[in-house]
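Here is the structure we will look at.
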Ligand SMILES: [Zn+2]
Ligand SMILES: [Zn+2]
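Numbering (the numbering used here), first residue to last: 17 to 354.
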């Protein structure tokens, strides 16, 4: 039992707990999963020494679950949750070690810095991405609409571009891309002028507000967004927060088909508080011909591990790596987003 495998189990438990409405307990499980990915404790040795509770955030309940995982490779607690929430059994094929982990995830396309509501600098985020072995990291701070996050307008984006160029000069072994997470406004237009968007390496368009629109109007709003010539990715496409906020409802198949026709990628946002698209909708997006991206939406360096937590969702969705843009090398990625 590797710390990654244990963390994946804890992350799935957290996800299901959120669906049950137990977000308090879910947070405790997510926190430990994140810690395990970051610190990679030797769970086998800790189990043998009776020291599982020395892992940060692990109390008696999680220690018991980890002990069972180390001893048997399974968790009756997770099995019970899956049954309770009617999650189908994974087949043997799905249970095989994920090719996503082994086959070369190359970079994260959704991350924030202290230019908006992130907690670290461009360089700190880039170094964290580099130490994870990535080839590239896209910095995608917020647009101005949501004032509480200190979003970037054209002038600050130009200034940030200069900082990113300087960081790329300094750093070796990692390329920082400049993107934006631009708001999809109520009428489906975007929160920044076209010429500003055109100057960026990639554009994520995300719904953040007015998610409870009538499905027909929401469908029109999302269709307009995916038809926008500068949009590359739709970020957390429903805006849901499992356990606390339902996502937007719209004609998913119609929007996904339109996205596929325009080469727009749909995101699986791996932030444990979002997990959006869900595996079910990700599977639908793939069947409609969309590519997907598996991103952390990190607001701090240690949150880049969210992608490790989200890998199981792509696996459950049955999404192959050739559909995931994060598996592309940088030149291919630039072509896709050109
Ligand atoms: Zn967002
Ligand atoms: Zn974001």
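Note that the Cβ used here is the ideal one computed from N, Cα and C, for glycine as well. These figures come from a predicted structure and were not determined experimentally.
Q) Per DSSP, residue 266 forms a beta bridge with which residues? A) DSSP lists no partner for residue 266.
What residue range is occupied by the uninterrupted beta strand (DSSP E) comprising residue 282?
-> Residue 282 -> beta strand (DSSP E) spans 281–285.
Thinking C-alpha only, which one of 50, 56, 83 and 78 is nearest residue 66? 83
> Less than 7 Å separating the beta-carbons of residue 7 and residue 132?
Replying inline: The structure shown does not extend to residue 7, since the chain is modelled only from 17 through 354, so no value can be given for it.
Rounded Cβ spacing between residue 170 and residue 231 (contact assumed at less than 8 Å): The pair is not a contact, with the Cβ atoms about 33 Å apart (cut-off 8 Å).
CA nearest to the CA of residue 327, picked from 292, 315 and 354: 292
Exercise for review: Tell me, to the nearest whole angstrom, how far the beta carbon of residue 310 is from that of residue 340; I am working on the premise that it is less than 8 Å.
Suggested key: Residue 310 to residue 340, Cβ: 6 Å. Contact.
What does the alpha-carbon distance come out to for the pair residue 276 and residue 241?
13 Å
In its own chain, which residues sit with a C-beta less than 6 Å from the C-beta of residue 29, not counting the 5 before and 5 after it?
45 and 94
Cα-Cα, which of 223, 189 and 214 is closest to residue 162?
223
Nearest candidate by alpha-carbon position, reference residue 299, set 312, 317, 335 and 288: 335
Label residue 308 either buried or exposed according to how many other C-beta atoms from any shown protein chain fall within 10 Å of its C-beta, with 16 as the threshold for buried. buried
(Q) Looking at residue 22: is its Cβ nearer than 7 Å to the Cβ of residue 85? (A) yes
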